[in-house]
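Contents: one structure, followed by commentary.
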Amino acid sequence: MTATLKEWPSLDGLELQTATTPGQGGRTFHGATSEYTEFTFDVIISGVSASEVAQRRDNFVGLLDPSRGPRPLVVEFDTLWQWENVMVASGIKWERFGWQRGSGFNLRAEVSFETVGKPEAREVTPQSVPFTGSTLFTLSRGNTSAYPKLIFPATNATGQPPFTVKVGSFTLEIKAGIASGLRASLDWETYEFYLLNASGARVASLVPFMSHYRRPMLMQGTPTSVSVEKSGVGVAGAVLYPNNRRV
């Protein structure tokens with residue numbers, strides 16, 4: 044069997060939010076969303092007999108059965124990136140060509156997949172940047188901006204000063220009241236904020252300890268200072284996950 048990607052999608056599922064500007068002959072841009080990414084492959088199944096081709100077809104279709112749920116997709120040679128939560132998007136119509144004894148049996152069809160999760164590609168092995176106190180980070184992987192994730196030790200008993208988290212001009216305080224032995228996990232990509240135990244399991248929400256819920260952004264090629272401090276002293280054991288992505 045061979046599967047060849049027919050088109051390489053970029054900004055698939057893009058929608059713009061605009062409004063007509065009265066008297067000015069133009070439109071005002073309000074925002075943009077990319078809700079899905081779709082891939083269409085040209086699939087050929089070959090065999091020395093009609094029954095062999097039929098069996099290979101059934102095995103292939105069984106692997107794509109939506110009842111198996113969404114799975115990640117790595118496209119051809121681009122093995123460092125994957126699209127998460129992808130499913131077959133439409134029925135498959137097989138056609139015969141070269142279907143005769145002695146010269147082989149072949150089935151051909153277009154098979155389309157669509158993301159049902161995030162529409163952009165993510166790294167197969169996410170980048171992580173350990174640091175103590177602060178680091179200067181420049182987003183260089185992927186091709187667009189990213190919303191980062193930070194994890195750091197967060198013991199902060201009642202009466203102690205807050206942690207101060209900075210990402211460029213963005214500042215967030217993590218208030219007192221956190222029990223010992225826990226870590227703060229701030230993921231601005233997914234908007235998930237939790238306290239983790241030593242094994243990495245979520246044990247409580249971090250939301251009540253946060254001074255606000257705005258989020259920072261990392262821009263391509265822009266050096267950005269990232270720091271975690273308490274009483275002006277850098278916190279050891281912090282890890283930055285840039286959440287690199289491609290659209």
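Each residue of the sequence shown is one higher than the one before, starting from 44 at the first, in the working numbering. Where is the CB? At the ideal position from N, CA and C, for every residue including glycine.
| Asked | Found |
| --- | --- |
| Have a look at K136 and V104 and give me their C-alpha separation to the nearest angstrom. | 11 Å |
| Between the region 60 to 77 and the region 111 to 119, do at least 3 Cβ pairs fall closer than 8 Å? | no |
| From S212 to P266, what distance separates their C-alpha atoms? | 12 Å |
| Rounded to whole angstroms, what is the Cα-Cα separation between R184 and G145? | 51 Å |
| What's the call for R245, buried or exposed, on a 16-neighbour Cβ count within 10 Å? | exposed |
| On a CA-only basis, which of F252, Y256, T214 and E216 is nearest E232? Give me that one, please. | Y256 |
| Rounded to the nearest angstrom, how far is the Cβ of V208 from that of I194, given a contact under 8 Å? | With a Cβ gap of about 11 Å, V208 and I194 do not count as contacting. |
| Tell me whether F140 is buried or exposed, calling it buried when 16 or more other Cβ atoms sit within 10 Å of its Cβ. | exposed |
| Based on Cα-Cα distance, which residue from S274, W51 and W142 lies nearest to A97? | W142 |
| Tell me which residues share the same chain as P109 and place their Cβ nearer than 6 Å to its Cβ, disregarding the 5 neighbours each side in the sequence. | M130 |
| Checking contacts by CB at 8 Å: is P109 closer than that to chain B? | Absence of chain B from the displayed structure is noted, only one protein chain being present. |
| My parser needs the beta strand (DSSP E) runs of 3 or more residues fully inside the region 151 to 239; what are they? | 164 to 166, 172 to 174, 177 to 181, 192 to 196, 206 to 210, 213 to 217, 226 to 230 and 235 to 239 |
| Specify, as a first and last residue, the run of the alpha helix (DSSP H) that S94 falls within. | A93 to L107 |
| From I221, P285, K273 and T178, pick the residue whose C-alpha is nearest to that of D230; which is it? | P285 |
| Quick one: is K192 buried, meaning 16 or more other Cβ sit within 10 Å of its Cβ, or exposed? | buried |
| From the DSSP output, in three-state form, read off V117 for me. | coil |
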